[in-house]
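Asks:
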Amino acid sequence: DGVLPGDTVLSINGQPVHEFVEGMRGLTWLRLDPLRDRLYLTELLPPYSKEPYEVEFGRADGTVIRAKAGFGPLTGLRRLPYLPTNLGRTDNVYTTMLAGGKVAYLHINRMTPFDQSQAEAQALREFFAGLKDVPALVIDIRGNGGGDDRFWMLNIVRPLATKPLSKTGAGTMRNGEFVRPFAEANAAFGLTVEGLSGSSRALEHSEIPDALTPEQLKNLPPEVLGPEFGPLWIGETTISPSGEYPYDGKVFLLVDFSVFSAAQGFTEFCKGSGWATVVGEYTGGGNDAFTPAMVTLPNSKMPIFFAAGMGLNPDFTAVEEALTAPDVLVERNPEDIIRLVEVTSTGQAFTEPNPNYDPALRECIRLALEAP
């Protein structure tokens, strides 16, 4: 009781909040804030306890509020302040025009398996057909946990590209007989994607120190040089245009902490090739450039996926650890979040993205309308 939007968690069960979160390693899903080098939770969901948690909140005027937070049935739902403002209220492919028709906007919730994306591909083609004279395009993938890389390669980049687009990358696979068939299948599958080409070279462990700069070698996770991982591959991926809807305007990619897997791959390609300016927050990582391997548990017979490789950023840090930084960093401040919580608490349902409550989208529009 008495806790208000904007109050800050100071401690949980008498332990400073950052120490408490750090202590939950291995107990729940934690995220990394690369700027502050700190683990965090997007929601206060500690491990289950029969006894309520003692939580101290701080207010801007110095007031400290003590409350108990326990587990129980939900008595009401409050929409979480995630962006865009209409997240979860649209089809997978959502399009509209912003800034008086000067900025085209596209949001994609997930990268649908390519073989199942015919209807979405048609919706995208119809949207792209009207972009010729529009100065800027914003592609919003916030909240996109991934899926099939071919969705963005063949349904977005190829139709819009005006020239071949290339991105360099690096990575390594786990060294073991079990994952080898998955690696071979992954390599063979890449050869079947229309308009996709590339080249790569493999470096044995003994060759890596001479091939990398001192800074790159410092960034390289030490386990890459150990027996659990195979050669380090460095390669270039190129996507050739299909010539359908060549677009010469500015392109922006909006990202946040929940961008993962194939959506992460899209982010890396946009940033590495320069095709789009990446705006927003650090991504969630999770792209190792390989389709995950799968194993069936012996007793339950439940199949599970696991990462068979490690993708690396251009500076040779691990994508999973260092994530991917946007070209233009836009973080929400507490006031931004409080304003959105307050307006949604009144029952207002946003049916369109609203830049007034969305600083990253607002920055995209500002950059889009900025004179060259």
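Taken in order, the sequence shown gives residues 164 to 535; the numbers are from this note's numbering. We treat Cβ as the ideally placed atom computed from N, Cα and C, and that holds for glycine. Predicted model only: the values in this text are computed from it and were never measured.
Kindly indicate which three-state DSSP category T171 falls into: helix, strand or coil?
Replies: Residue mapping note: residue 171 aligns to position 8 of the sequence shown, counting from 1. Looking at T171 - three-state DSSP - the assignment turns out to be strand.
Asks: Going by CA-CA distance only, name the one from I467, D419 and K464 that's closest to E444.
Replies: Taking the sequence shown and counting its residues from 1, one reaches residue 444 at position 281. Cα-wise, what sits closest to E444 is D419.
Asks: Using only the alpha-carbon positions, how far apart do G339 and V441 sit?
Replies: Taking the sequence shown and counting its residues from 1, one reaches residue 339 at position 176. Taking the sequence shown and counting its residues from 1, one reaches residue 441 at position 278. Approximately 36 Å, taken between the alpha carbons.
Asks: Decide if the stretch 227 to 237 is in contact with the stretch 177 to 192; the criterion is three or more beta carbon pairs, one per stretch, under 8 Å apart.
Replies: No, they do not touch.
Asks: With 16 as the cutoff for other CB atoms within 10 Å, does K413 come out buried or exposed?
Replies: Within the sequence shown, the letter at position 250 stands for residue 413. That one is buried.
Asks: From the DSSP output, read off the bridge partner residues of S463.
Replies: Here residue 463 corresponds to residue number 300 of the sequence shown, with the count starting at 1. The partner list for S463 (beta bridge, DSSP) is empty, contrary to what the question assumes.
Asks: Considering only their Cβ atoms, is the gap separating R242 from T558 smaller than 8 Å?
Replies: Coverage of the chain is limited to positions 164 through 535, which leaves residue 558 absent and any answer about it impossible.
Asks: Distance, Cα to Cα, P384 vs G448?
Replies: Counting from one through the sequence shown, the residue named residue 384 turns up at place 221. Counting from one through the sequence shown, the residue named residue 448 turns up at place 285. Those two C-alpha atoms are separated by around 15 Å.
Asks: For I302, count the other beta carbons within 10 Å of its own beta carbon; 16 or more makes it buried, fewer makes it exposed. Which is it?
Replies: To locate residue 302, count along the sequence shown from 1; it is residue 139. Buried, by the Cβ-count rule.
Asks: If you draw a straight line from the C-alpha of G624 to the C-alpha of E217, how long is it?
Replies: Residue 624 lies beyond the stretch modelled for the chain, which goes from 164 to 535, so this question has no answer here.
Asks: Taking the straight line between their C-alpha atoms, what separation do you get for M457 and E431?
Replies: Looking up residue 457 in the sequence shown gives position 294. Looking up residue 431 in the sequence shown gives position 268. Spanning the two alpha carbons is a distance of roughly 24 Å.
Asks: What do you get for N318, buried or exposed, if any count of 16 or more other CB atoms within 10 angstroms of its CB means buried?
Replies: Here residue 318 corresponds to residue number 155 of the sequence shown, with the count starting at 1. With 16 or more Cβ atoms within 10 Å of its Cβ, N318 is classed as buried.
Asks: Between which residues of its own chain and M260 is the CB-CB distance below 8 Å, once the five residues before and five after are set aside?
Replies: Sequence index remark: in the sequence shown, residue 260 carries index 97 (1-based). Excluding positions up to five away in sequence, the list reads V266, A267, Y268 and V297.
Asks: Tell me which residues share the same chain as G165 and place their Cβ nearer than 8 Å to its Cβ, disregarding the 5 neighbours each side in the sequence.
Replies: As a position in the sequence shown, residue 165 is number 2, starting the count at 1. Result list for G165: I228 and A230, in chain order.
Asks: Look at the Cβ atom of P247, then the Cβ atom of D521, and state whether they are nearer than 8 Å.
Replies: As a first step, residue 247 is located in the sequence shown; it is residue number 84 there, counting from the start. As a first step, residue 521 is located in the sequence shown; it is residue number 358 there, counting from the start. Yes. Within cutoff.
Asks: Given this structure, state the Cα-to-Cα distance separating F479 from E378, to the nearest angstrom.
Replies: In the sequence shown, counting from the first residue as 1, residue 479 sits at position 316. In the sequence shown, counting from the first residue as 1, residue 378 sits at position 215. Rounded to the nearest angstrom, the two C-alpha atoms are 9 Å apart.
Asks: Buried or exposed, going by whether 16 or more other CB atoms sit within 10 Å of the CB of F352?
Replies: Counted from its first residue, the sequence shown places residue 352 at position 189. F352 comes out exposed.
Asks: Mark A523 as exposed unless 16 or more other C-beta atoms lie within 10 angstroms of its C-beta, in which case mark it buried.
Replies: Here residue 523 is taken as the residue at index 360 of the sequence shown, counted from 1. Classification for A523: buried.
Asks: Express the C-alpha separation of V482 and L202 in angstroms, rounding to a whole number.
Replies: Sequence index remark: in the sequence shown, residue 202 carries index 39 (1-based). Sequence index remark: in the sequence shown, residue 482 carries index 319 (1-based). Spanning the two alpha carbons is a distance of roughly 16 Å.
Asks: Does DSSP put P179 in a helix, in a strand, or in coil?
Replies: Within the sequence shown, numbered from 1, the residue matching residue 179 stands at position 16. Three-state result, P179: strand.
Asks: Given 8 Å as the limit, is there contact between the stretch 334 to 350 and the stretch 464 to 475, that is, 3 or more CB pairs closer than that?
Replies: Because the criterion of three Cβ pairs below 8 Å is met, the stretch 334 to 350 and the stretch 464 to 475 touch.
Asks: Rounded to the nearest angstrom, what separates L195 and Y410 at their Cα positions?
Replies: As a working note, residue 195 is residue 32 in the sequence shown. As a working note, residue 410 is residue 247 in the sequence shown. Answer to the nearest angstrom: the Cα atoms are 36 Å apart.
Asks: Nearest to R199 by CA position, among L532, E494, P276 and A531, is which residue?
Replies: Residue 199 sits at position 36 when you count from the first residue of the sequence shown. Taking only the C-alpha atoms, the option nearest R199 is E494.
Asks: By how many angstroms is the C-alpha of G393 removed from the C-alpha of M336?
Replies: Here residue 336 refers to the residue found at position 173 of the sequence shown. Here residue 393 refers to the residue found at position 230 of the sequence shown. Near 6 Å, if we compare the C-alpha coordinates of G393 and M336.
Asks: Are the stretch 269 to 278 and the stretch 303 to 311 in contact at 8 Å, needing three or more beta carbon pairs?
Replies: Flag = yes, the stretch 269 to 278 and the stretch 303 to 311 touch.
Asks: Quick check on the DSSP output: the beta strand (DSSP E) that includes W396 runs from which residue to which?
Replies: On the sequence shown, position 233 is the one that residue 396 refers to. From DSSP, the beta strand (DSSP E) with W396 extends over F392 to I402.
Asks: Helix, strand or coil: how does DSSP classify K330 here?
Replies: In the sequence shown, the residue the question calls residue 330 occupies position 167. Strand, per DSSP.
Asks: Going by DSSP, which residues form a beta bridge with I271?
Replies: Counted from its first residue, the sequence shown places residue 271 at position 108. In DSSP, I271 forms a bridge with V256.
Asks: Please state if the CB of S369 and the CB of T401 are separated by a distance shorter than 8 Å.
Replies: Here residue 401 refers to the residue found at position 238 of the sequence shown. Here residue 369 refers to the residue found at position 206 of the sequence shown. Cβ distance not < 8 Å, so T401 and S369 don't count as in contact.
Asks: From L532 to W315, what does the alpha carbon distance come to, in whole angstroms?
Replies: For the purposes of this step, residue 532 is taken as the residue at position 369 of the sequence shown. For the purposes of this step, residue 315 is taken as the residue at position 152 of the sequence shown. Roughly 25 Å separates the two Cα atoms.
Asks: Could you have a look at A232 and say whether DSSP puts it in helix, strand or coil?
Replies: Along the sequence shown, read from residue 1 onward, the residue named residue 232 stands at position 69. Looking at A232 - three-state DSSP - the assignment turns out to be strand.
Asks: What do you reckon, are the CB atoms on Y408 and P322 nearer than 8 Å?
Replies: Looking up residue 408 in the sequence shown gives position 245. Looking up residue 322 in the sequence shown gives position 159. Yes; because the gap between Cβ atoms is below 8 Å, this pair is in contact.
Asks: Can you check which of these residues, V320, V184, E206 and G263, is closest to A426 by C-alpha distance?
Replies: The residue labelled residue 426 in the question sits at position 263 within the sequence shown. Ranking the options by Cα distance to A426, first place goes to V320.
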